[in-house]
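Written out below as C-alpha cells is the structure these notes cover.
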Amino acid sequence: AQSVTQLDSQVPVFEEAPVELRCNYSSSVSVYLFWYVQYPNQGLQLLLKYLSGSTLVESINGFEAEFNKSQTSFHLRKPSVHISDTAEYFCAVTASGTYKYIFGTGTRLKVLA
Amino acid sequence: DTEVTQTPKHLVMGMTNKKSLKCEQHMGHRAMYWYKQKAKKPPELMFVYSYEKLSINESVPSRFSPECPNSSLLNLHLHALQPEDSALYLCASSQDRGRSTDTQYFGPGTRLTVL
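Those protein sequences? They're chains A and B, same order as listed.
Sequential numbering of the first sequence, starting at 1, is according to my numbering.
Sequential numbering of the second sequence, starting at 1001, is according to my numbering.
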C-alpha cells in the first residue's frame, strides 16, 4: 500500500520569498506523483506530475518539484511567490497497477504582503 | 478543452429532500469519479465509473446514489442526507480507469449544506 505525508499543515511566507512544500511517500512499487492546487472555494487543479524520465518537473506558473527516490520525496518549490499563490496544495501518489489517488493531508500556503 | 463542469455551485437541502448533483465533461474521458471533501481535509473517493459502469463504490451509504447516463454525464442523487454529509462534492474525470499514470481533472465542486 502507498501513503503520502505532508508534514506542514500551514506555511506562511512573505511575497517574493522562496518556498518549499514538503511531500514524502512510501511505497513498495513504482510510484507516480502529482501536485494539485486548490484555491478557496474551487476544485483541484493539476500543477505538475512525475511519471518517469527527468526527475525535475516544472509547471507553467513557476513551480517545480524534484522526484528523489532515495529520499522518497517529491517536494514542491517556487523561487519567488506571489500573493495569488495563496492556496491549499495537495500531494498525491498512485502506483503501478492501481488507479486510486492517495492524497496527502494538504499544506496551506499563505503568502503575506 | 480540459474542463469539468458541475452544477449547482451551492445546494442547501433538508434531511427529507431529494436532490441531484450534475457533472459534465467533453474531453472524451471514459472514467469519472465522485469525491467528498470536508473542510481542511483531502478529497475522499466515493465512486468510480468506467465506460459508464460503476466499477468502484468505496462503501458509501445508500443515501448517495450515482448514475452515469452517458459517457459525458455523471449524476449523484441525494436522499435523506444527514447534516454530517455537508461538504464540497467534487467530480473528476480521466482518460481511463486502471491506468495509474492518468491525470484526473477536477470540476469546481458543489458546496452542499444539509440542514
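Cβ coordinates follow ideal geometry from the N, Cα and C atoms, glycine included.
All values reported here derive from a predicted model rather than from experimental measurement.
| said: For HIS1077 of chain B, which residues in the same chain have their Cβ closer than 6 Å to its Cβ, ignoring the five residues on either side in sequence? | reply: Within the second sequence, numbered from 1, the residue matching residue 1077 of chain B stands at position 77. Answer for HIS1077 of chain B: SER1020 and SER1065, listed in chain order.
| query | Three-state secondary structure (DSSP) at SER84 of chain A? | reply | Counting from one through the first sequence, the residue named residue 84 of chain A turns up at place 84. DSSP places SER84 of chain A in helix when its eight states are reduced to three.
| Cβ neighbour criterion (16 or more within 10 Å) applied to LYS49 of chain A | Indexing the first sequence from 1 puts residue 49 of chain A at position 49. Counting Cβ neighbours within 10 Å, LYS49 of chain A comes out buried, since at least 16 surround it.
| So with Cβ pairs under 8 Å, would you call ARG1099 of chain B a contact of chain A? | Walking along the second sequence from the start, residue 1099 of chain B turns up at place 99. Closer than 8 Å to some Cβ of chain A, the Cβ of ARG1099 of chain B qualifies, so yes.
| DSSP state of PRO1083 of chain B, grouped into three classes? | Working through the second sequence from its first residue, we reach residue 1083 of chain B at position 83. In the structure shown, PRO1083 of chain B sits in a helix (DSSP, three-state: H, G or I).
| field | Where the beta strand (DSSP E) containing LEU7 of chain A begins and where it ends | value | Numbered from 1 along the first sequence, position 7 holds the residue referred to as residue 7 of chain A. It is not in any beta strand (DSSP E) - LEU7 of chain A carries neither H nor E in the DSSP assignment.
| query | What are the start and end residues of the beta strand (DSSP E) that includes GLU15 of chain A? | reply | Here residue 15 of chain A is taken as the residue at index 15 of the first sequence, counted from 1. Counting along the chain, GLU15 of chain A falls outside any beta strand (DSSP E), and DSSP gives it neither H nor E.
| field | C-beta atoms of ALA1080 of chain B and MET1015 of chain B nearer than 8 Å | value | Along the second sequence, one-based indexing puts residue 1080 of chain B at 80. Along the second sequence, one-based indexing puts residue 1015 of chain B at 15. Contact flag set, yes.
| field | Residue-level contact to chain B via CB, SER87 of chain A, 8 Å cutoff | value | Position 87 of the first sequence, counted from the first residue, corresponds to residue 87 of chain A. The question names Ser, but residue 87 of chain A in the sequence shown is Ala. Judged by the 8 Å Cβ criterion, ALA87 of chain A is not in contact with chain B.
| Hey, would you say VAL81 of chain A sits closer than 8 Å to VAL13 of chain A, going by beta carbons? | Counted from its first residue, the first sequence places residue 81 of chain A at position 81. Counted from its first residue, the first sequence places residue 13 of chain A at position 13. Result yes, Cβ atoms of VAL81 of chain A and VAL13 of chain A sit closer than 8 Å.
| Quick one: Cα of TYR1051 of chain B to Cα of SER1059 of chain B, how far? | Within the second sequence, numbered from 1, the residue matching residue 1051 of chain B stands at position 51. Within the second sequence, numbered from 1, the residue matching residue 1059 of chain B stands at position 59. Cα-Cα distance, rounded: 21 Å.
| said: I'd like to know whether the C-beta atoms of PRO1108 of chain B and GLN1006 of chain B end up nearer to each other than 8 Å. | reply: Along the second sequence, read from residue 1 onward, the residue named residue 1108 of chain B stands at position 108. Along the second sequence, read from residue 1 onward, the residue named residue 1006 of chain B stands at position 6. The answer is yes: Cβ separation under 8 Å.
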